[in-house]
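Q: Residue numbers (our numbering): 91 to 233. Note that CB positions come from ideal geometry on N, CA and C, so glycine has one too. This structure is a prediction, so every number in the text was calculated from the model and none was measured. What follows is a single structure, and I will ask about it in a moment.
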């Protein structure tokens, strides 16, 4: 009986912890989505032209065009934002047909920190990446 009670308590603690983590992640994504919407409006107002976004193959193995127009968030062009404000990871397994036909990546919920968990120096705050694209955009969009 004692072991059963302990197991139930542990399972409940794990469930609560998972719910809290999900809530934190949802809040982060919501803040990042708002930031991207603000940026797209500021970029349009500033006349920052979007460019075609391309998906790179894993390990630098080729690339494929996409129907997307937008801006690259990382210098290595592995993440981008469409002109509609959607976030995309721009790396994928690319086959020969993908190189010829192109690909249509799916939007993802954006993080506030791009490249989190990567090698040292590989991560950048979303706000900093946007600032690099359009310096001062937050002050001009707020005014």
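What separation, rounded to the nearest whole angstrom, lies between the Cα atoms of residue 99 and residue 203?
A: If you number the chain shown from 1, residue 99 lands on position 9. If you number the chain shown from 1, residue 203 lands on position 113. If I take the Cα positions, the gap works out to 34 Å.
Q: Taking 8 Å as the limit between beta carbons, can you name the residues of its chain near residue 181, skipping five residues before and five after?
A: Residue numbering aside, residue 181 sits at position 91 when the chain shown is read from its first letter. Excluding sequence neighbours, residue 181 sits near 145, 146, 147, 148, 168.
Q: Starting from residue 153, trace the alpha helix (DSSP H) both ways and give me its first and last residue.
A: Looking up residue 153 in the chain shown gives position 63. Unbroken run through residue 153 is the beta strand (DSSP E), 153-162; no alpha helix (DSSP H).
Q: Mind the definition here: the region 112-122 touches the region 152-162 only if three or more C-beta pairs lie below 8 Å; say whether that holds.
A: Not touching, per the Cβ criterion.
Q: Counting only runs of 4+ residues fully inside the region 166-223, write out the alpha helix (DSSP H) ranges in chain order.
A: The qualifying runs are 186-191, 216-223.
Q: Quick one: grab the DSSP three-state call for residue 125.
A: To locate residue 125, count along the chain shown from 1; it is residue 35. Residue 125: helix per DSSP, three-state reduction.
Q: For residue 224 and residue 133, which I take to be in contact (beta-carbon distance under 8 Å), what is that distance rounded to the nearest angstrom?
A: By one-based count along the chain shown, residue 224 stands at place 134. By one-based count along the chain shown, residue 133 stands at place 43. Rounded, the Cβ-Cβ distance is 6 Å, consistent with contact.
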